[in-house]
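Peer 1: Submitted below is the structure of interest, expressed as structure tokens.
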Amino acid sequence: MALKQIVAAAILDSLEQPTKLLSARRTAPEAMAGLWEFPGGKLEPGEGCREAVHREILEELGVKVRLGSEVFGPLEQGWALNEHAAMRVWFAEITDGTPQALEDHDLLEWVDLDAPALESLAWIPADLPIVHAVLADVEAGATR
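Each residue of the sequence shown is one higher than the one before, counting from 2 in this note's numbering.
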């Protein structure tokens, strides 16, 4: 059985010289309320992954983004979220608009791209390995 495909963006202040990551605090479901995540969501029927990232970020944050490289996970479908879903994540940079917590979030925060700053947030457990991969890719210069 295929996992449900989820997509998300690791939004950086710059794809070329990143120093900060935009994190989003969830409001629902109750089990995840108050935890931090990468903004994104489910694919709609007939939609491609990259197309879904653009749509989800516009719906959730009200901004347009330019996608960089993918933050590759250990699975073909990206990163396991649970036994039913996996998430593919792309680096992104805002090209139009100012991010706002419009849907599913109550707070957005630009966090320094270093382990102590990022690990100080209460991330959704499935997102924490992705945080570490983001840091490794940024350090390797693999964001574009």
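Beta carbons are placed, not taken as given, at the ideal position from N, Cα and C, and that holds for glycine.
1) Check for me: the beta strand (DSSP E) holding D107 runs from which residue to which?
2) For a quick check, are the C-beta atoms of E94 and E60 less than 8 Å apart?
3) So G49 and A9 are supposed to be a Cβ contact under 8 Å. How far apart are they, rounded?
4) In the DSSP assignment, find the unbroken beta strand (DSSP E) run with V72 in it and report its ends.
5) Closest to A86 by C-alpha separation, out of L108, D14 and L44, would be which residue?
6) What's the call for R26, buried or exposed, on a 16-neighbour Cβ count within 10 Å?
7) Taking only three categories from DSSP, how would you classify I125?
8) Give me, in chain order, the residues of the same chain whose beta-carbon lies closer than 6 Å to that of W193; leave out the 5 immediate sequence neighbours on both sides.
9) Cα separation between Q6 and F73?
10) Would you check if the distance between the CB atom of D128 and the CB atom of E57 is smaller than 8 Å?
Peer 2: Well, looking at it:
1) For D107, the enclosing beta strand (DSSP E) begins and ends at H106 to D113.
2) No, the pair does not count as a contact, with Cβ atoms beyond the cut-off.
3) Not quite, the Cβ-Cβ distance comes to about 15 Å (not below 8 Å), so this is no contact.
4) For V72, the enclosing beta strand (DSSP E) starts and ends at K65 to V72.
5) Minimum Cα distance to A86 is reached at L44.
6) Buried, because 16 or more other Cβ atoms sit within 10 Å of the Cβ of R26.
7) It is coil, neither helix nor strand.
8) As shown, the chain starts at 2 and ends at 145. That puts residue 193 outside it, with no answer to give.
9) Going by C-alpha positions, Q6 is about 14 Å away from F73.
10) Not a contact, by the Cβ cut-off of 8 Å.
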